[in-house]
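I have placed the structure first, in the form of structure tokens, so that the comments after it can refer back to it.
Next comes the structure, spelled out in structure tokens:
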């Protein structure tokens, strides 16, 4: 058993979802999660919902807590844990998104996808945070994220140089530079 399981349902067509719900539930975070699921399935990955359970004893009583992992994505021997976080406006929200990852003891890649267009970052636990567009628009985004973290796994964060990142992630850097040029033209 690699992780506990939950039952979650996603629509193949978000427009059908909206029609069935009579356009009542327009939460962008749910729609973003549905799109991430569809995109991973479209690219041929096996996608499951996951759950990590903890048990603690308090006054002789066992207290169980369950933490959700939005997606457990498998392709052959590769596995990726993905959290869909619409926004992480503060440290508390960031910690909330990372809690389930910190309870997973294997060494597979852990990724948080946020709606904002941000620069790719990796924390000291190896958790990668990437923007939604970079994640969706690059068909090899999981492999690039794996390469990024695989290259730097033994390097302390402060020892990673910009050249290290550029050589590992040419598509992300190229996308970022293109965005900067476009933004300058608009000004």
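In my numbering, the protein residues as written are 3 to 189. By construction, the Cβ of each residue, glycine as well, lies at the ideal position given by its N, Cα and C atoms.
Would you identify the three-state DSSP class for residue 15, choosing helix, strand or coil? coil
* **Separation of residue 34 from residue 16, as counted between CA atoms** => Spanning the two alpha carbons is a distance of roughly 10 Å.
Practice task
Compare the Cα-Cα distances from residue 53 to each of 67, 60, 43 and report the closest residue.
Solution key: 67
Quiz prompt | Extent of the continuous alpha helix (DSSP H) to which residue 50 belongs | solution = Segment 48-60 is the beta strand (DSSP E) holding residue 50; no alpha helix (DSSP H) there.
- Which value, in whole angstroms, describes the spacing of the CA atoms of residue 18 and residue 12? So the alpha carbons of these two residues sit roughly 11 Å apart.
| task | Pull up the distance between the alpha-carbon of residue 92 and that of residue 118, whole angstroms please. | result | 14 Å
If you check the beta carbons only, do residue 47 and residue 20 fall under 8 Å apart?
no
* Bounding residues of the alpha helix (DSSP H) (the contiguous stretch that carries residue 136) -> Counting along the chain, the alpha helix (DSSP H) containing residue 136 begins and ends at 134-139.
*asked:* Which same chain residues end up closer than 7 Å to residue 58 when comparing Cβ atoms and leaving out the 5 residues on each side of it in sequence?
replied: 65
Practice prompt. Note down, in chain order, each residue of its chain lying with its Cβ closer than 7 Å to the Cβ of residue 138, except the 5 sequence neighbours on either side.
Written response: 41
Short of 8 Å in beta carbon distance, which residues of its chain neighbour residue 143, apart from the five on each side in sequence? Order them along the chain.
132, 136, 137
Query raised in the report: Mind checking whether residue 83 and residue 106 have CB atoms under 8 Å apart?
Result: yes
With DSSP run on the structure shown, which of helix, strand or coil describes residue 153? Because residue 153 sits at a pLDDT of 47, beneath the cut-off of 50, its placement in the model cannot be relied upon, and the point is left open.
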